[in-house]
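*Asks:* Going down the list, the sequences are from chains A and B.
Per my numbering, the very first residue in the first sequence carries number 1; after that it's consecutive.
Per my numbering, the very first residue in the second sequence carries number 1001; after that it's consecutive.
Think of the CB as a built atom: it goes at the ideal place given N, C-alpha and C, for glycine as much as any other residue.
Since this is a predicted model, take the numbers as computed values, not measurements.
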Amino acid sequence: MNRRAAIKTALTIATGFAILPRHLRSASGPSVRLTELRISATEEALLAEVVETLIPATDTPGAKELKVHLFVLKMLDDCHGAVDQRAFEVGLRQLDGYAQGLMGKHFADGDTAERENVLTSLGRKEGVSPELWTFNRLMRSRAIEGYRESEYVMTHLLPHRMIPAPYDGYYAASNYELKEVR
Amino acid sequence: MATPAINGKKQHTFDAIVIGSGISGGWAAKELTEKGLKTLVLERGRDVKHLVDYPTMNKLPYEFEHRGDIPLKVREANPVLSRANAWQEDSDHFFVKDTEHPYVQKKPFDWIRGYQVGGKSLLWARQTQRWSNYDFEGPARDGFAVDWPIRYDDLAPWYSHVESFAGISGNRDGLDALPDGEFLPPNPLNAVDGHFQKVLAETYGDRHLIAARFANLTKSTATQLAQGRSQCMSRKLCRRGCPFGGYFSSNSSTLPWAEKTGNLTMRPDSVVHSLIYDEQKGKATGVRVIDRLTKETTEYFASIIFVNASTLNTSLLLLNSTSSRFPQGLGNDNGLMGKFVAFHNYNAKIKASYEGMQEFATFGQRPGSAYIPRFRNLYKQETDFLRGYATGFSASRNLGPNTTGVGETLKANLANPKLRNWNVSGHVMGETLPKESNLVSLDQSRTDEWGMPLLNVDVDYDENDRKMEADALEQLTEMFTTAGFTNIKTELKNQAPGLDIHEMGGVRMGHDPKTSLLNGWNQMHAVKNVFVTDGACMTSTSTQNPSLTYMALTARAANHAVEEMRKGNV
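(1) Enumerated in chain order, which unbroken segments of the beta strand (DSSP E) with a length of 3 residues or greater are wholly contained in the stretch 1015-1046 of chain B?
(2) Would you call the stretch 1260-1269 of chain B and the stretch 1151-1171 of chain B touching, i.e. three or more CB-CB distances under 8 Å?
(3) Determine, using beta-carbon pairs with one atom in the stretch 1056-1064 of chain B and one in the stretch 1282-1289 of chain B, whether at least three such pairs fall under 8 Å.
(4) Taking 7 Å as the limit between beta carbons, can you name the residues of its chain near B/Thr1033, skipping five residues before and five after?
(5) B/Asp1173 CB to nearest chain A CB: under 8 Å?
(6) Could you please give me the residues that DSSP links to B/Ala1361 through a beta bridge?
(7) With a CB to CB cut of under 8 Å and the five nearest residues on each side skipped, what residues in its chain are close to B/Lys1049?
(8) Starting from the C-beta of B/Met1357, find all residues in its chain whose C-beta is less than 7 Å away, skip the five residues before and the five after it, and write them out in chain order.
(9) What runs of the beta strand (DSSP E), each 3 residues or longer, lie entirely inside the stretch 1306-1381 of chain B?
(10) State the DSSP-derived secondary structure class of B/Trp1111, mapped to helix, strand or coil.
(11) Which residue wins for smallest C-alpha separation from A/Tyr98, given the options A/Val83, A/Gly127, A/Phe88, A/Gly62?
(12) Using the DSSP secondary-structure output, state which residues sit across from B/Ala1395 in a beta bridge.
(13) Within 8 Å of any Cβ in chain A, is that where the Cβ of B/Glu1408 sits?
(14) Under 8 Å between the Cβ atoms of B/Arg1213 and B/Gln1495?
(15) Cβ of B/Val1440 within 8 Å of Cβ of B/Leu1312?
(16) With DSSP run on the structure shown, which of helix, strand or coil describes B/Pro1149?
(17) Do B/Leu1386 and B/Asp1092 have their C-beta atoms closer together than 8 Å?
(18) Could you spell out where the alpha helix (DSSP H) holding A/Val50 opens and where it closes?
(19) Exposed or buried, what is A/His23 when buried is set at 16 or more other beta-carbons lying within 10 Å of its beta-carbon?
(20) For the stretch 166-180 of chain A, enumerate the residues whose C-beta is nearer than 9 Å to any C-beta of chain B, in chain order.
(21) Would DSSP call B/Gly1194 helix, strand or coil?
(22) In angstroms with no decimal places, state the Cα-to-Cα distance between B/Lys1467 and B/Asp1384.
(23) Which residue comes first and which comes last in the beta strand (DSSP E) that contains B/Val1440?
(24) Just verifying my parser: in three-state terms, what is the DSSP assignment at B/Glu1299?
(25) Cβ closer than 7 Å: which chain B residues qualify as neighbours of A/Ser150?
(26) With 16 as the cutoff for other CB atoms within 10 Å, does B/Asp1153 come out buried or exposed?
(27) Tell me whether B/His1427 is buried or exposed, calling it buried when 16 or more other Cβ atoms sit within 10 Å of its Cβ.
(28) I'd like the span of the beta strand (DSSP E) that includes B/Thr1490, first residue to last.
(29) Consult DSSP for B/Ile1276 and reduce its assignment to one of helix, strand or coil.
(30) So with CB distances below 7 Å, who are the chain B contacts of A/Thr120?
(31) Is B/Val1456 helix, strand or coil when you go by DSSP?
(32) Beta-carbon separation of B/Ser1310 and B/Gly1119 under 8 Å?
(33) May I have the straight-line CA-CA distance separating B/Met1479 from B/Cys1537, to the nearest angstrom?
(34) Let me know the secondary structure DSSP gives B/Ile1070 once reduced to three states.
(35) Verify the CB distance criterion: does A/Asp78 have a CB-CB separation below 8 Å to chain B?
(36) B/Asp1291 by DSSP, collapsed to three states: which one?
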């Protein structure tokens, strides 16, 4: 991450934190206002580790720094029904037990490879409770959405153009394949 | 005490009143004010000023809390609206919520409405195809509805008139089914559009794929620049209102133009209750208006009245305009008002992939797509159903996210979107037959917040629609197969009528006062100074997107009204 981007990200995080009311920063509740979803601060912290495992910080920010876990909670709370919400809550609560069964320690204590293995295993469905499987599916799709449509990615990584280039219906396909972004 | 009343009446008297400010009301306002008539435009909803009242027009995707989604509780509270594609987080403020304006569904009917200055012209899909004589002569040839009192030649100069001003893109394709017009450069076709076009021409001869005509400015000529409108930037965010005025709406085009004449008075928040009929004069003298916010009633007067309240609301308003001369609604001597409602059948959809044209892809976006004009039963009756269908066609091949993997692998995949395969899709727009049993009427007991009767909507598909949609899928499957498209999937949606947002009829045109309500000039047979030029006037529906025809009919009727007024005939 270049210096300018780092400062911008730091500012976003700082202001994001500063505007939260005090009671939302308490140890017991989550740091976004939720009306349907019942999530504790500890569970929120675990979710942050989960999305960070899914999309980690490299030389660019990862999902945790971009607050993707809070986006996941917001979307689950506002745009999903009770069935998804209950499965998400239960699945999130089951996650650490599942991780312990797989690697013999808490999810948060695993190294990168171990944590990634937990997420990969969740996607395979076998030996995974329906709630945990649903949790993983919802978390994954909303986290990818939140990351791809974050301000950081849309301004630095894959810049979004409000005014796109003129349409070309005979664009050489090879032009796309030549571009590799790291 | 008499003086203030006289002054009040004077202040409330205009040359013309236009009820509604949507796509047709805007045109009535423009034409009437340009001809020097002091014109009052009444709009039931709030004011929406071009550029000023488009709060989301320049927002970035991440500036929307739900990235475009409407929260589930809001969707559940609005089951009808939730089925409309254009209802998203960025356009929410331009749609009527189910609960705000209830109506009675005798049969399922999705009534999608936009109550604000500009109406649904802010939200429309902007396809603008002319009708041909095969459409105007349809009812007479095939023996349904009644004969249109006009033919293509009556409307052709008015199509040109509105196209030149609004700015319509298209090719001169030289097709019988879809007459050419005054076009800006066309929306570009792509490699697979071109391939399909070639296959259709070679295989069938009478089936054509063209660039659909669209009301987006592929180029801004002096006419649009004078309106303050510049070229479309292909943002594909039209539903938010356009900062460039790149597509046609009442807000960006006709209403500000009318305002510039100095002859326009706009009154938003004005729910028209009824038209006032004067038995001695034998004409309508004005309208009763309920203020949306204060609920106060006011009257306004004018020599001519244009009713452009939107298809079903126009029937509602006229049915509610009762007097001792017209106990069943203004001009409704034959009892047909509200009847013969029809729409477009959008049930049939098809999609597929294409393995060819691998050397090409698409880059950027375009506001338009391709279009296959009606080929069924065009020159003569050839199937066991009446009329035909047009098909919207679209092909694309661009970058899509690669969402596989976990950790750094996923992150690298997300940073490197993959070139997808060609996807193609078609959606069918079928003509439906107006029938007396497809109708709207006033609810006898329930009223809305403004004391207006609720509207009963009783509209359904019929056997002809079912046969036509089956034929469309069969023909399109054959055409797709011939073109080498693979993985073809067809779908019959069975969506409720109304969701096409092409509802038409209820106050139809015709030759005979016994079987129609309007004459060939959109003038009420029985009340000559009242003109109905929105979708309510339509005798039949054709397959083409109807807005352009409403615009042309309105401009024609408005100019006729002014002539008649000057001759002292209305």
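*Replies:* Taking the structure as given:
(1) Secondary structure remark: continuous beta strand (DSSP E) runs of at least 3 residues inside the stretch 1015-1046 of chain B, in chain order: 1039-1042.
(2) Fewer than three pairs of CB atoms, one per stretch, sit closer than 8 Å, so the stretch 1260-1269 of chain B makes no contact with the stretch 1151-1171 of chain B.
(3) Contact fails: fewer than three Cβ-Cβ distances are below 8 Å.
(4) Only Thr1039, Ala1258, Thr1261, Asn1263, Leu1264 meet the Cβ criterion.
(5) Not an interface residue.
(6) B/Ala1361 is bridged to A/Tyr171.
(7) Counting only Cβ-Cβ distances below 8 Å, and skipping sequence neighbours, we find Val1117, Asn1251.
(8) So the list reads Ala1191, Val1192, His1195, Trp1422, once near-sequence residues are dropped.
(9) Whole beta strand (DSSP E) segments, 3+ residues: 1339-1342, 1348-1354, 1360-1363, 1370-1372.
(10) B/Trp1111: coil per DSSP, three-state reduction.
(11) Ranked by Cα distance from A/Tyr98, the first of A/Val83, A/Gly127, A/Phe88, A/Gly62 is A/Gly127.
(12) Answer is B/Val1424, bridged to B/Ala1395.
(13) For B/Glu1408, the answer is yes, since a Cβ of chain A falls inside 8 Å of its Cβ.
(14) No. Outside cutoff.
(15) In this structure, B/Val1440 places its C-beta atom within 8 Å of the C-beta atom of B/Leu1312.
(16) In the three-state reduction of the DSSP assignment, B/Pro1149 falls in the coil class.
(17) The criterion of a C-beta distance shorter than 8 Å is not satisfied by B/Leu1386 and B/Asp1092.
(18) Element bounds for A/Val50: 41-54.
(19) Confidence in A/His23 is poor, its pLDDT being 40 and thus under 50, which makes the residue's placement too unreliable to answer from.
(20) When CB distances to chain B are screened at a threshold of 9 Å, the residues of the stretch 166-180 of chain A falling below it are Pro166, Tyr167, Asp168, Gly169, Tyr170, Tyr171, Ala172, Ala173, Ser174, Asn175, Tyr176, Glu177, Lys179, Glu180, in chain order.
(21) Note: B/Gly1194 maps to helix in three-state DSSP.
(22) Distance between the alpha carbons of B/Lys1467 and B/Asp1384: 8 Å.
(23) Annotation: the continuous beta strand (DSSP E) that includes B/Val1440 extends over 1439-1447.
(24) Reduced to three states, the DSSP call for B/Glu1299 is strand.
(25) Neighbours of A/Ser150 on chain B, chain order: Tyr1062.
(26) Exposed: under 16 other Cβ atoms inside 10 Å.
(27) Flag for B/His1427 reads buried.
(28) Where B/Thr1490 is concerned, the enclosing beta strand (DSSP E) stretches over 1486-1492.
(29) B/Ile1276: strand per DSSP, three-state reduction.
(30) For A/Thr120, the chain B residues whose C-beta falls within less than 7 Å of its own C-beta are Val1406, listed in chain order.
(31) Residue identity differs from the one stated: residue 1456 of chain B is Asn in this sequence, not Val. B/Asn1456 falls in the strand class under three-state DSSP.
(32) Yes, they are a contact pair.
(33) Approximately 35 Å between the Cα atoms of the pair.
(34) In this structure, B/Ile1070 counts as coil in the three-state DSSP scheme.
(35) Yes, contact with chain B.
(36) Assignment of B/Asp1291 by DSSP, reduced to helix, strand and coil, places it in the strand class.
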